[in-house]
Amino acid sequence: MSRKPQKDPKELRRGWTTGACATAATRAALKMLWGEAVPARVRITLPRGERPEFEVVNARQGDGWAEAGIIKDAGDDPDVTHGTLILARVEASAGGVVFVGGQGVGQVTKPGLPIPPGEPAINPVPRQMMTQTVEEVAARLGRAPDVQITISVPAGEELAKKTWNPRLGIVGGLSILGTTGIVRPFSCAAWIASIHRGVDVARAEGLHHVAGCTGATSEKVVQGLYRLPDHAMLDMGDFSGGLLKYVAKHPVPHITIGGGIGKITKLAQGARDLHSGRSQVDFQMLANWLENPELARCNTALQAYEIMGKPMADLIAAKALEQVRAMLPDEVGADIVIIDRAGNLLSRTAAPTGAP
């Protein structure tokens, strides 16, 4: 997913999380279930007190149940769930608020996530928001807050293939997410939070070796090199610092960092965010390291590599490993894998004991 904003971030339009949309759909359905007219719009209260309004779609009801939908608006964020229909069906429960995952909502199958295995992937804050909505509407209308809420995302199973869910052990659909209810355009926070959850799952599964890669090609190479399972592969992207800081606090026995020559050169030079808009290769530093003034005039790390070849790749791998080691406790092992755009191995540092 591209992280390059096309507008001034101050002008970017924020959106609403799947959790906020599910809460709004729940509110609309409750009003119908408990005798009020079908609402055209509903307003909800977010955890920080904001009061957004949502247009209600696909409202229908039958004997003892009501259902309403919200079309998710992610604002200017390139969210795969933007424009997706999120449905809430409500009916009486035997007691309290009960959550059910309908079509397109995933089920948790692995430990290490905020929701235990066997439960629908509806995260704690959305559950809290929906529960508070039930309590509020029930109190206003003089009803008992005993409601079963079934959340569905008709397109969710297909969309989930574009997310981390399969690796995290969430099967069959999307997660209902959000801690604030708000999607902030091009936010790094959501990506880094996904990286953290990946580490949590790997630790809970007892994995001894995980890998953070900058892209799909390096990920494929590293996974094949070490025969790692899918849930050992952390979609680091540009956020090497975000991954390594979290692993420093939540250690695993060994981590491999893999990527192309350009991004790993930036890591070797001390960058923690490898995005092209937020860090650049220092070609003068590269020239000094390799004792070749010609490199100072290069425009890309690949151009420098074409001049210097394997000695440059080996030096970059070694210096990148120094940077990674400096961020991790001694008990965490690490190695570096550098590839070219075609997926050919340019350099690697010493592999972990017992690895291929």
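Each residue of the sequence shown is one higher than the last, beginning at 1 in full-length UniProt numbering. Glycine included, C-beta positions come from ideal geometry on N, C-alpha and C.
Check: Is residue 131 near the ligand ZN, with its Cβ less than 8 Å from a heavy atom?
Finding: The ligand ZN is not among the ligands present in this structure, which contains no ligands whatsoever.
Checklist line | Nearest-angstrom beta carbon gap, residue 201 and residue 169 [assumed within contact, 8 Å] | finding: Taking the sequence shown and counting its residues from 1, one reaches residue 169 at position 169. Taking the sequence shown and counting its residues from 1, one reaches residue 201 at position 201. Confirmed, about 6 Å.
Next item on the list: Compute the beta-carbon to beta-carbon distance between residue 315 and residue 346, rounded to the nearest angstrom, for a pair I have assumed lies under 8 Å.
Entry: Position 315 of the sequence shown holds residue 315. Position 346 of the sequence shown holds residue 346. Actually they are not in contact, since the Cβ atoms of residue 315 and residue 346 sit about 11 Å apart, beyond 8 Å.
Check: Which value, in whole angstroms, describes the spacing of the CA atoms of residue 293 and residue 304?
Finding: Numbered from its first residue, the sequence shown carries residue 293 at position 293. Numbered from its first residue, the sequence shown carries residue 304 at position 304. Residue 293 and residue 304: Cα-Cα distance of roughly 11 Å.
Check: Residues in its own chain within less than 7 Å of residue 80 by CB, not counting five upstream and five downstream?
Finding: Here residue 80 refers to the residue found at position 80 when the sequence shown is read from its first residue. Cβ neighbours of residue 80 beyond the five flanking positions: 159, 162 and 163.
Note to self: By alpha-carbon positions, which one of 105, 104 and 125 ends up nearest to residue 114?
What the structure shows: Taking the first residue of the sequence shown as position 1, residue 114 is located at position 114. Nearest of 105, 104 and 125 to residue 114, Cα basis: 125.
Next item on the list: Run through the region 206 to 288 for me and flag every whole alpha helix (DSSP H) of 4 or more residues, listed as ranges in chain order.
Entry: 216 to 226, 240 to 249 and 261 to 268
Margin query: What does the alpha-carbon distance come out to for the pair residue 332 and residue 210?
Written below: Looking up residue 332 in the sequence shown gives position 332. Looking up residue 210 in the sequence shown gives position 210. About 11 Å.
Note to self: I need the DSSP call for residue 347, collapsed to helix, strand or coil.
What the structure shows: As a position in the sequence shown, residue 347 is number 347, starting the count at 1. In the structure shown, residue 347 sits in a strand (DSSP, three-state: E or B).
Notebook entry, point to check: If you draw a straight line from the alpha carbon of residue 107 to that of residue 154, how long is it in whole angstroms?
Noted result: Here residue 107 corresponds to residue number 107 of the sequence shown, with the count starting at 1. Here residue 154 corresponds to residue number 154 of the sequence shown, with the count starting at 1. Their backbone Cα atoms lie some 15 Å apart in a straight line.
Next item on the list: Can you tell me which of 318, 329 and 342 puts its alpha carbon nearest to the alpha carbon of residue 349?
Entry: Mapped onto the sequence shown, residue 349 falls at position 349. With distances taken between Cα atoms, residue 349 lies closest to 318.
Notebook entry, point to check: Which residues share a DSSP beta bridge with residue 85?
Noted result: Walking along the sequence shown from the start, residue 85 turns up at place 85. DSSP, once it has assigned bridges, lists 71 as partnering residue 85.
Next item on the list: Determine the extent of the alpha helix (DSSP H) in which residue 175 is found, giving its start and end residues.
Entry: As a first step, residue 175 is located in the sequence shown; it is residue number 175 there, counting from the start. Per DSSP, residue 175 belongs to no alpha helix (DSSP H) and is neither H nor E.
Next item on the list: Round the Cβ separation of residue 34 and residue 137 to the nearest angstrom and send it over; I've been treating them as touching at under 8 Å.
Entry: In the sequence shown, counting from the first residue as 1, residue 34 sits at position 34. In the sequence shown, counting from the first residue as 1, residue 137 sits at position 137. About 7 Å separates the two Cβ atoms, so the contact holds.
Next item on the list: Check whether the region 256 to 267 touches the region 335 to 346, taking contact to mean three or more Cβ pairs, one atom from each stretch, closer than 8 Å.
Entry: yes
Next item on the list: Along the beta strand (DSSP E) that carries residue 62, what are the first and last residues, could you check?
Entry: Mapped onto the sequence shown, residue 62 falls at position 62. 57 to 62 is the span of the beta strand (DSSP E), which, as asked, contains residue 62.
Note to self: Quick check: residue 351 and residue 226, are their CB atoms within less than 9 Å of each other?
What the structure shows: Here residue 351 refers to the residue found at position 351 of the sequence shown. Here residue 226 refers to the residue found at position 226 of the sequence shown. Yes. Within cutoff.
Item checked: Neighbourhood of residue 253 by C-beta, 6 Å cutoff - its chain only, sequence neighbours within 5 removed -> Against the sequence shown, residue 253 aligns to sequence position 253. Correct list, in chain order: 208.
Checklist line | CA-to-CA distance, residue 233 to residue 29, given in whole angstroms | finding: By one-based count along the sequence shown, residue 29 stands at place 29. By one-based count along the sequence shown, residue 233 stands at place 233. About 40 Å.
Next item on the list: Give, in chain order, every unbroken run of the alpha helix (DSSP H) that is at least 4 residues long and sits entirely within the region 305 to 340.
Entry: 310 to 327
Check: When you compare only the Cα positions, how much space is there between residue 42 and residue 73?
Finding: Looking up residue 42 in the sequence shown gives position 42. Looking up residue 73 in the sequence shown gives position 73. Computed Cα separation, rounded: 15 Å.
Next item on the list: Report the rounded CA-to-CA distance for residue 92 versus residue 144, giving the unit in angstroms.
Entry: Within the sequence shown, the letter at position 92 stands for residue 92. Within the sequence shown, the letter at position 144 stands for residue 144. Residue 92 and residue 144: Cα-Cα distance of roughly 9 Å.
Notebook entry, point to check: For residue 108, which of helix, strand or coil comes out of DSSP?
Noted result: Walking along the sequence shown from the start, residue 108 turns up at place 108. If DSSP states are grouped into helix, strand and coil, residue 108 belongs with the strands.
Notebook entry, point to check: Would a C-beta distance cut-off of 9 Å place residue 286 and residue 301 closer than the cut-off?
Noted result: As a first step, residue 286 must be located in the sequence shown, where it is residue number 286. As a first step, residue 301 must be located in the sequence shown, where it is residue number 301. The answer is yes: Cβ separation under 9 Å.
Next item on the list: Report the rounded CA-to-CA distance for residue 95 versus residue 54, giving the unit in angstroms.
Entry: The count along the sequence shown starts at 1 and reaches residue 95 at position 95. The count along the sequence shown starts at 1 and reaches residue 54 at position 54. Each residue's alpha carbon lies about 28 Å from the other.
Next item on the list: Taking residue 128 as part of the alpha helix (DSSP H), name the residues at either end of that continuous run.
Entry: If you number the sequence shown from 1, residue 128 lands on position 128. Counting along the chain, the alpha helix (DSSP H) containing residue 128 begins and ends at 124 to 141.
Next item on the list: Evaluate residue 231 with the Cβ neighbour count: other Cβ atoms within 10 Å of its Cβ, from every protein chain shown; 16 or more gives buried, anything less gives exposed.
Entry: As a first step, residue 231 must be located in the sequence shown, where it is residue number 231. Answer is buried; the Cβ neighbour count reaches 16.
Next item on the list: May I have the straight-line CA-CA distance separating residue 328 from residue 248, to the nearest angstrom?
Entry: Indexing the sequence shown from 1 puts residue 328 at position 328. Indexing the sequence shown from 1 puts residue 248 at position 248. Their Cα atoms are separated by approximately 5 Å.
Next item on the list: Would you identify the three-state DSSP class for residue 170, choosing helix, strand or coil?
Entry: Translated into positions along the sequence shown, residue 170 becomes position 170. Note: residue 170 maps to strand in three-state DSSP.
Check: Are residue 129 and residue 15 closer than 9 Å when you measure CB to CB?
Finding: The count along the sequence shown starts at 1 and reaches residue 129 at position 129. The count along the sequence shown starts at 1 and reaches residue 15 at position 15. Contact flag unset, no.
Notebook entry, point to check: Using a Cβ-Cβ cut-off of 8 Å (strictly less than) and excluding sequence neighbours within five positions of residue 307, which residues of its own chain qualify?
Noted result: Here residue 307 refers to the residue found at position 307 when the sequence shown is read from its first residue. The answer, listed in chain order, is 292, 294, 295 and 298.
Next item on the list: Could you have a look at residue 103 and say whether DSSP puts it in helix, strand or coil?
Entry: The sequence position of residue 103 within the sequence shown is 103, counting from 1. If DSSP states are grouped into helix, strand and coil, residue 103 belongs with coil.
Check: Under three-state DSSP, which class holds residue 7?
Finding: Translated into positions along the sequence shown, residue 7 becomes position 7. Only weak support exists for where residue 7 lies, its pLDDT of 44 falling under 50; the coordinates are left without a value.
Checklist line | Cβ pair residue 87, residue 123 closer than 9 Å | finding: Sequence index remark: in the sequence shown, residue 87 carries index 87 (1-based). Sequence index remark: in the sequence shown, residue 123 carries index 123 (1-based). Not a contact, by the Cβ cut-off of 9 Å.
Check: Can the beta-carbon of residue 181 be found less than 9 Å from the beta-carbon of residue 13?
Finding: Taking the first residue of the sequence shown as 1, we reach residue 181 at position 181. Taking the first residue of the sequence shown as 1, we reach residue 13 at position 13. No. Outside cutoff.
Next item on the list: Indicate the three-state DSSP secondary structure (helix, strand or coil) for residue 92 in the structure shown.
Entry: Counted from its first residue, the sequence shown places residue 92 at position 92. Strand at residue 92.
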